[in-house]
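Under the numbering used here, the first residue of the sequence shown carries the number 905, and numbering increases by one thereafter.
From the three backbone atoms N, C-alpha and C, an ideal C-beta is built for every residue, glycine too.
Quick caveat, the model's predicted, so the values are computed rather than measured.
Remarks on the structure that follows.
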Amino acid sequence: MTLLGLALGQAVKARALELGFDRVAIGPAAPPEHGAELEAWLDAGYAGTMGYLERGRADRLDPARLLPGCRSVVAVAVSYNGESRDDSWRPVSRYARGRDYHDVMRPRLVALGEFIGAAAGGNVTSRAAVDSSAVLERDLAARAGLGWVGKNTNLLTPSLGSYFFIGVVLTTAPLPFDEREPDRCGTCTACLDACPTRAFVGPYVLDARRCISYLTIEHRGDIAGSLAEQVGEWVFGCDVCQEVCPWNRKAERGREPALAPSGSFEPLETLLELDPSAFRARFRGTALTRTKRAGLLRNAAIVLANRGERGAVGALTRALDDADAVVRRAAAWALAKLGAGEGHC
905 MTLLGLALGQ
915 AVKARALELG
925 FDRVAIGPAA
935 PPEHGAELEA
945 WLDAGYAGTM
955 GYLERGRADR
965 LDPARLLPGC
975 RSVVAVAVSY
985 NGESRDDSWR
995 PVSRYARGRD
1005 YHDVMRPRLV
1015 ALGEFIGAAA
1025 GGNVTSRAAV
1035 DSSAVLERDL
1045 AARAGLGWVG
1055 KNTNLLTPSL
1065 GSYFFIGVVL
1075 TTAPLPFDER
1085 EPDRCGTCTA
1095 CLDACPTRAF
1105 VGPYVLDARR
1115 CISYLTIEHR
1125 GDIAGSLAEQ
1135 VGEWVFGCDV
1145 CQEVCPWNRK
1155 AERGREPALA
1165 PSGSFEPLET
1175 LLELDPSAFR
1185 ARFRGTALTR
1195 TKRAGLLRNA
1205 AIVLANRGER
1215 GAVGALTRAL
1225 DDADAVVRRA
1235 AAWALAKLGA
1245 GEGHC
């Protein structure tokens, strides 16, 4: 690597930090090392109903399909480990309590890509990706040295733990690569042992079909009764495998105000009163729209029952007449669990 290339790499990192990213690392844009593991995971059916992963299989196995001629990956992290003084957000995974991270990160990634092009000169092209593109950001970020993949399948760093979002910029510019982070999980299995639904097939392998995050966000339709009970009090996502991770006990606090929650999330029974337009208005610009109205109301009904909240019987009874059959069935299940009748669906 020439002095010019080293200087460009340093300039790119400095610009990334100026744009508000908490960490940055640079690595090769070669096919991901764990491509075979991804294929085996998909073939085993562990992706559940997330068909988009299968449809984008070939693209995820080669970054050059997203950006032909790419040579380098600039991987960045933004912490969402902010302080929350409002306990009403406890049923929501930390990452979803503020603004949608796609909206926060994408403009900055695009700006970083434009900076690389301007600084490198020539015919350099770049492309930003924030988990909505068919590229294995986690795998590429780990190889770049941003962190290591933990046994719970999250990327970890010594300073941020796992409470951070990953973004990457693929670029045709030749940049100096950083050293990789070693796997520092050691013999610890806290994350695997704590999973309420036993979703981990083994270290580094997650069966999404049993994962509370998948069930409450990605899964459409009913949640089977046995799994519904194991959802516990999670309305959107789950942080259990992160909360027990020793690296997260010392994780730095996030500094991005857009990711901080605003207002209160509870009481849960008010969610059951949201019609489609009210749902869109309340959660516009947040990640909670991912589960769609039916999913969020289904989850709220399940959690109210798991909590034993008899005070929600009225709201649940009214939900028996909801326009969506998934909501009606969840309300009936919740009422039965609360001992308030079978209802109708």
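query: With a CB to CB cut of under 8 Å and the five nearest residues on each side skipped, what residues in its chain are close to Leu907?
result: Here Leu907 scores only 47 on pLDDT, less than 50, and its place in the model should not be relied on; the value that follows carries that caveat. Closer than 8 Å at the Cβ level, and outside the excluded window around Leu907, lies no residue.
message: So, with DSSP's three-state summary, where would you put Phe1019?
response: helix
- prompt: Going by other Cβ atoms of all chains shown within 10 Å of its Cβ, with 16 needed for buried, is Arg1214 buried or exposed?
  reply: exposed
task: Would you identify the three-state DSSP class for Trp1138, choosing helix, strand or coil?
output: coil
query: Going by the beta-carbon positions, is the gap between Tyr1118 and Gly952 smaller than 8 Å?
result: Yes, the pair counts as a contact, with Cβ atoms nearer than the cut-off.
message: Using a Cβ-Cβ cutoff of less than 8 Å, which residues in the same chain neighbour Ala1204 once the five nearest sequence positions on both sides are dropped?
response: Val1139, Leu1172, Glu1173, Leu1175 and Leu1176
message: Within a Cβ cutoff of 6 Å, which residues of the same chain sit near Trp1151, ignoring the five residues on either side of it in sequence?
response: Leu1060 and Gly1065
field: Alpha-carbon spacing of Ser1227 relative to Asp947, whole angstroms
entry: Per the sequence shown, residue 1227 should be read as Ala rather than Ser. So the two alpha carbons sit approximately 36 Å from each other.
Simplified DSSP assignment, three categories, for Ser1117: helix
- prompt: When the Cβ atoms of the stretch 1038-1050 are set against those of the stretch 1064-1080, are three or more pairs found closer than 8 Å?
  reply: yes
- request: For the beta strand (DSSP E) containing Pro932, list its first residue and its last residue.
  value: Arg927 to Pro932 is the span of the beta strand (DSSP E), which, as asked, contains Pro932.
field: Helix, strand or coil at Thr1076 [DSSP, three-state]
entry: In the structure shown, the three-state DSSP call for Thr1076 is coil.
message: What would DSSP say about Phe1081, mapped onto helix, strand or coil?
response: coil
task: Output the distance between the C-alpha atoms of Ala1164 and Tyr984, rounded to the nearest integer angstrom.
output: 8 Å
CB contact flag (Tyr1223, Arg1233, <8 Å): For clarity, residue 1223 is Ala in the given sequence; the question names Tyr instead. Cβ distance not < 8 Å, so Ala1223 and Arg1233 don't count as in contact.
- prompt: Taking contact to mean at least 3 C-beta pairs separated by less than 8 Å, is the stretch 934-941 in contact with the stretch 958-965?
  reply: With a cut-off of 8 Å, the stretch 958-965 and the stretch 934-941 count as touching, because enough Cβ pairs lie within range.
message: Quick check on DSSP: helix, strand or coil for Ser988?
response: coil
- request: May I ask you to verify whether the stretch 1099-1109 touches the stretch 1182-1193, counting CB pairs closer than 8 Å and requiring at least 3?
  value: Under the Cβ criterion (8 Å, minimum of three pairs), the stretch 1099-1109 does not count as touching the stretch 1182-1193.
task: Only counting runs of 4 or more residues, tell me where the alpha helix (DSSP H) segments fall wholly within the stretch 999-1069, in order along the chain.
output: 1005-1024 and 1041-1048
task: Let me know the secondary structure DSSP gives Phe884 once reduced to three states.
output: A query on residue 884 cannot be resolved here, the shown segment of the chain reaching from 905 to 1249 and no further.
message: Please state the DSSP three-state secondary structure of Val1230.
response: helix
field: Residues of its chain near Gly949, where Cβ-Cβ distance is below 6 Å and the 5 sequence neighbours each way are ignored
entry: Excluding positions up to five away in sequence, the list is empty.
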